[in-house]
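K.L.:
Going from the sequence shown to this note's numbering is simple: count from 1 and add 1. For glycine and all other residues, C-beta sits at the position ideal for the given N, C-alpha and C. Every value quoted in this text rests on a predicted model; they were computed, and no experiment measured them.
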Amino acid sequence: MSSPSNYDVIIVGGGASGLMCAISAGYRGLRVLVLEQGPKVGLKILVSGGGRCNFTNVFADPREHYLSQNPNFCISAMKRFSPADFIQMVETAGIDYHEKKLGQLFCDHSAKDIVAMLLEQCSYAGVEIRLRQAVQSISPKESQSFVVATDERQYRGTKVVIAAGGLSMPKIASDLAFRTAKELGLKLNPPRAALVPLTWNSSDKSRYGSLSGISTEVIASCQGHSFRENLLFTHRGLSGPAILQISSFWREGLTVDINLLPDCDAGAWLLDARERNPQQRLMTVLKTQLPNRLVDLMFGTWFDDQKIGSFSPPELRAIGERLNDWSFMPGGSEGYRTAEVTLGGIDTDEVSSKTFELKRVPGMFAIGEALDVTGWLGGYNFQWAWASGWCCGQHL
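1. Please report how far the alpha carbon of L291 lies from the alpha carbon of M284, in whole angstroms.
2. Three-state secondary structure (DSSP) at D9?
3. Out of S203, I309, L44, which has the shortest C-alpha to C-alpha gap to A274?
4. With 16 other CB atoms within 10 Å as the buried threshold, where does E314 fall?
5. So the beta strand (DSSP E) A267 belongs to, where does it begin and stop?
6. Specify the secondary structure class of M2 as computed by DSSP and reduced to three states.
7. Considering Cα atoms alone, identify which of A85, I215, L20 is closest to R237.
8. Could you check the C-alpha separation between D109 and D97 for me, to the nearest Å?
9. Please report how far the alpha carbon of W251 lies from the alpha carbon of A319, in whole angstroms.
10. Less than 9 Å between the C-beta atoms of I163 and V342, yes or no?
11. Pick from R282, L233, R277, L255: whose alpha carbon is nearest that of V261?
12. Report all residues from its chain with a CB closer than 7 Å to the CB of P63; omit the five preceding and five following residues, and keep chain order.
13. Tell me whether P192 is buried or exposed, calling it buried when 16 or more other Cβ atoms sit within 10 Å of its Cβ.
14. Is it true that the segment 34-51 meets the segment 110-122, where meeting means three or more beta-carbon pairs spaced less than 8 Å apart?
15. So, do the segment 185-200 and the segment 351-371 have three or more beta carbon pairs nearer to each other than 8 Å?
16. If N58 sits next to L106, beta carbons under 8 Å apart, how far is it from one beta carbon to the other, in whole angstroms?
17. Roughly how many whole angstroms lie between the Cα atoms of K420 and E218?
18. Tell me which residues share the same chain as G104 and place their Cβ nearer than 6 Å to its Cβ, disregarding the 5 neighbours each side in the sequence.
19. Assess contact between the segment 241-249 and the segment 375-384, defined as three or more Cβ pairs (one per stretch) separated by less than 8 Å. Is contact present?
20. Per DSSP, what are the beta-bridge partners of G104 in this structure?
21. Can you round the beta-carbon distance between T159 and E335 to whole angstroms, since I take them to be within the 8 Å contact cut?
Next comes the structure, spelled out in structure tokens:
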């Protein structure tokens, strides 16, 4: 293995946080090297948002939209580099974008525009990027420097930034951040898949698997958290934004409560329908508000198809209660294979919220998804990547 090359900063990981950190540090005159294990940088950026990259959220609030054992940790960085700051970068680069809903900003054309912008900024800042560099180890040296070893060679840096992301999307993910944390004896909050579809339990799979492809707006709730978004039935379970959001709060053994008629008290609505036309069939009434195939399955499974007038008021209230509060017991989740992010990571007590330096390893920093900070669905995780990367780069 050849002798190490020397840099002021070595950033391990060429994703959103790593590239932003490189830009921030490079513009300060530092000699910066980015090591990326894949064939190109920004792979998760490129596949995000259906190829258009939901690059931030104008409503991103560090107190409301992020999960962490320390909910205050991300406040400092998010105030110093806000959604408006990244939007200014996007506008300066001439990238056209639009707000889809709920403050979610997407490129009009392609996620490639965001990656191209970041690469251009890296070039202006004098950042060196090396691809297909799978880092095997990061070793602190007595001379206040670090040696980063890849399969091919060694690199020496005065400071090292772990920006290797989490475990989601395993084909392009790396366990380096968590592996290094364990080797250094850092506290690691157990990682798990988040923003991920939930799977059927064995009995529900045979009951509801035929509903694959149906989408409907619901309120999904778990552990005191609720999200009103679309739900998608799949062959394997439930997906769609409502389920992805609530999956971050779900734990094995818990149920997810789903309100299939979020705009009304279903019991009161059915009683009113009974009074107005007792001869119409319950199925006909439900199909005015719910997808036909879902209603078809309910009969014989949840209740019988009769004239609505043949149901007593208590029976209709019970039916309405089930429609407003369907208790779904997931068999599990789809795991990292389809998860958008990793929940958990390096405990924030190990890291300075101002500089992102590891308190027990001076000169080593950690940012982005490697840390125990996870955003909601909708551009929040990219905003955390930009903010943590930029702020870290200012203190290298």
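P.N.:
Based on what the coordinates show:
1. 10 Å
2. strand
3. I309
4. Checking the sequence, you will find Pro at residue 314 rather than Glu. By the 10 Å Cβ count, P314 comes out exposed.
5. Careful: A267 lies outside any beta strand (DSSP E), inside the alpha helix (DSSP H) at 267-277.
6. Because the pLDDT of M2 is 49, which lies under 50, any placement of that residue in the model is unreliable, and the number read from its coordinates should be weighed accordingly. In the structure shown, M2 sits in coil (DSSP, three-state: anything other than H, G, I, E or B).
7. I215
8. 5 Å
9. 26 Å
10. no
11. Residue 261 is actually Leu in this sequence, not Val. If we check each option's Cα against that of L261, L233 comes out closest.
12. C75, I76, M79
13. buried
14. yes
15. yes
16. 7 Å
17. Because the chain in this structure spans residues 2 to 397, residue 420 falls outside the shown range and cannot be described.
18. N58, V59, F60
19. yes
20. For G104, which the question treats as bridged, DSSP gives no partner whatsoever.
21. Not confirmed; about 41 Å, so no contact.
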